[in-house]
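Novice: Just passing along the structure, written as structure tokens.
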Ligand code: UDP
């Protein structure tokens with residue numbers, strides 16, 4: 001396996017599968033199975049999962065709610081997704097721990113970096129819930145920050161597209177894919193990889209990002225087995 005310790009970022013929206021909202025049981029189990037496969041090959045796996053399938057802070061205004069309140073609702077949405085993924089992993093006998101950026105002690109451990117690293121060393125899959133625990137951030141930022149803190153080798157951003165393109169491939173048929181691109185080129189070309197806070201954290205800490213298609217079965221294992229899938233963003 002090419003990387004020893006990974007931070008896998010999954011979007012909440014991907015969890016919807018074909019549904020319009022919430023969690024699709026089949027997609028959830030597909031993700032769990034793929035994670036089990038790489039974990040059983042000795043890769044230390046940490047996961048951050050988004051909450052966009054349930055609630056995003058930016059939606060708050062549409063409900064007449066305060067933005068900060070909305071962001072906390074979004075963070076709680078990520079905890080719901082994290083609990084679902086934890087349960088799916090445990091169902092197939094993967095040892096897991098859920099560490100939360102907000103204190104919800106009945107359902108998850110508080111986030112403590114040393115504890116997270118220890119769980120990983122013991123072969124447990126670690127899920128980071130509630131983002132970084134502060135409003136005005138995203139789960140991409142949480143993924144970058146936690147990855148740096150636990151000294152992950154790479155952030156794997158699992159999406160529904162198979163990498164970074166010159167333009168949106170769902171809108172522009174002439175868009176071409178990058179196999180590899182530098183942090184600076186992403187900025188110069190104004191490409192959308194992650195929000196700037198998340199992206200800058202990776203850039204400044206030389207943490208590579210791979211954007212890949214997580215919805216094609218077996219891709220996570222193929223990627224970690226060395227196949228050149230997706231797009232690698234590097235210094
Ligand atoms: N959020 C936040 N702080 C964080 C992480 C998340 O306030 O550190 C909130 C924010 O409102 C965000 C929502 O939680 O919109 C859900 O996360 P995100 O939008 O990143 O989920 P994804 O797009 O990956 O499904």
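Residue numbers (full-length UniProt numbering): 1 to 235.
For each residue, glycine too, the CB sits at the ideal point set by N, CA and C.
Remember, predicted model here, so these are calculated numbers, not experimental data.
Is residue 83 near ligand 1, in the sense that its beta carbon is under 8 Å from a heavy atom of that ligand?
Specialist: Result no, Cβ not under 8 Å from ligand 1.
Novice: Does at least one heavy atom of ligand 1 sit under 8 Å from the Cβ of residue 55?
Specialist: Yes, since a heavy atom of ligand 1 falls inside the 8 Å radius drawn around the Cβ of residue 55.
Novice: Within 10 angstroms of the Cβ of residue 146, are there 16 or more other Cβ atoms? Answer buried if so, exposed if not.
Specialist: The residue in question, residue 146, is buried, as its Cβ has 16 or more Cβ neighbours within 10 Å.
Novice: Is it right to say residue 118 is buried, meaning 16 or more other beta carbons lie within 10 angstroms of its own, or is it exposed?
Specialist: Under this definition residue 118 is an exposed residue.
Novice: Per DSSP, which one or two residues make a beta bridge with residue 234?
Specialist: Note: residue 234 sits in a beta bridge opposite 182.
Novice: Just to confirm, are residue 40 and residue 159 a CB contact at a threshold of 9 Å?
Specialist: Against a cut-off of 9 Å, the Cβ pair of residue 159 and residue 40 comes out as no contact.
Novice: Going by DSSP, what residues sit across from residue 157 in a beta bridge?
Specialist: Residue 157 is bridged to 9, 211.
Novice: What does DSSP give as the partner residues of residue 128 in its beta bridges?
Specialist: In the DSSP output, where bridge partners are listed per residue, residue 128 has 48, 99.
Novice: What residues match up with residue 109 in a beta bridge as DSSP calls it?
Specialist: DSSP lists 99 as partners of residue 109.
Novice: Which residues share a DSSP beta bridge with residue 72?
Specialist: According to DSSP, residue 72 bridges with nothing at all.
Novice: Roughly how many whole angstroms lie between the Cα atoms of residue 47 and residue 88?
Specialist: Going by the C-alpha atoms only, they are around 14 Å apart.
Novice: So, with DSSP's three-state summary, where would you put residue 35?
Specialist: The answer is helix: DSSP assigns residue 35 an H, G or I state.
Novice: Assign residue 75 to one of two classes, buried (16 or more other C-beta atoms within 10 Å of its C-beta) or exposed (fewer than that).
Specialist: By the neighbour-count rule (16 or more Cβ atoms within 10 Å), residue 75 is buried.
Novice: Indicate whether residue 45 and residue 8 have their beta-carbon atoms separated by less than 9 Å.
Specialist: The answer is yes: Cβ separation under 9 Å.
Novice: Does ligand 1 have even one heavy atom less than 8 Å from the beta-carbon of residue 130?
Specialist: Within the cutoff, so yes.
Novice: Comparing alpha-carbon positions, which option in 133, 143, 105 lies nearest residue 68?
Specialist: Checked all of 133, 143, 105; the closest Cα to residue 68 is 133.
Novice: Okay, do the stretch 159-174 and the stretch 96-113 touch, 3+ Cβ pairs below 8 Å being the bar?
Specialist: At 8 Å Cβ cutoff, the stretches do not touch.
Novice: Pick from 34, 21, 180, 124: whose alpha carbon is nearest that of residue 77?
Specialist: The option with the nearest alpha carbon to residue 77 is 21.
Novice: Between residue 196 and ligand 1, is the CB less than 8 Å from at least one heavy atom?
Specialist: The answer is no for residue 196.
Novice: For residue 113, which of 90, 148, 218, 226 has the nearest alpha-carbon?
Specialist: For the residues 90, 148, 218, 226, the minimum Cα distance to residue 113 belongs to 148.
Novice: For residue 100, verify whether its CB is less than 8 Å away from any heavy atom of ligand 1.
Specialist: No - ligand 1 has no heavy atom lying nearer than 8 Å to the Cβ of residue 100.
Novice: Taking the Cβ atom as the reference point for each residue, do residue 38 and residue 1 lie within a distance shorter than 9 Å?
Specialist: Yes, the pair counts as a contact, with Cβ atoms nearer than the cut-off.
Novice: Between which two residues does the alpha helix (DSSP H) harbouring residue 140 extend?
Specialist: From DSSP, the alpha helix (DSSP H) with residue 140 extends over 139-149.
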